[in-house]
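To start, the structure itself, in structure tokens.
Numbering (the working numbering), first residue to last: -3 to 144.
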């Protein structure tokens, strides 16, 4: 009887090991769909009192939304570029290295391997990624995974 139980448990463990476990991964292409900056927090800025509303509005208008795409590869390298709708080629490409430890995402310079920017991963589920800048928590970026 014990032998039958051990055999059944071994079979169940063998079946469980063949089922792939889907861990959330950053590897792939991500497109920026929403970006908030510290200027979006008008409550913290006393712009009305200082008469700076025109300057703030001008700064917000200059921060145009572009189709920024991050491609993160499995060898901890990545590429950031901007797409133009009517063109096949991208422009403003930049290569970098990255390090992800489950909660933090660090972008590194390729030559010196020093940290350029650090982000806290707020959400990584399925096809969505939300990160916030470590040094400026009011800056967040929302990405969606795109198919190659």
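Glycine included, C-beta positions come from ideal geometry on N, C-alpha and C.
Label residue 16 either buried or exposed according to how many other C-beta atoms from any shown protein chain fall within 10 Å of its C-beta, with 16 as the threshold for buried.
Because residue 16 sits at a pLDDT of 34, beneath the cut-off of 50, its placement in the model cannot be relied upon, and the following sentence gives the value as read from the coordinates. Residue 16 is exposed by the Cβ-count criterion.
Can the beta-carbon of residue 120 be found closer than 9 Å to that of residue 140?
no
Neighbourhood of residue 130 by C-beta distance below 7 Å, restricted to the same chain and skipping five residues each side:
114, 115, 116
Since residue 28 and residue 64 should fall inside the 8 Å C-beta cutoff, what is the C-beta to C-beta distance between them, to a whole number of angstroms?
4 Å
Considering only C-alpha positions, which residue in the set 101, 134, 80, 81 is nearest to residue 74?
101
Pick from 33, 22, 26: whose alpha carbon is nearest that of residue 132?
33
Three-state secondary structure (DSSP) at residue 97?
coil
Hey, is residue 92's beta-carbon within less than 9 Å of any beta-carbon in chain C?
The chain labelled as chain C is not found in the depicted structure, where only one protein chain is given.
For the beta strand (DSSP E) holding residue 133, just list the boundary residues, first then last.
Looking at the DSSP string, residue 133 is not in any beta strand (DSSP E), and its letter there is neither H nor E.
Would you decide whether residue 127 is buried or exposed? Buried here means 16 or more other CB atoms lie within 10 Å of its CB.
buried
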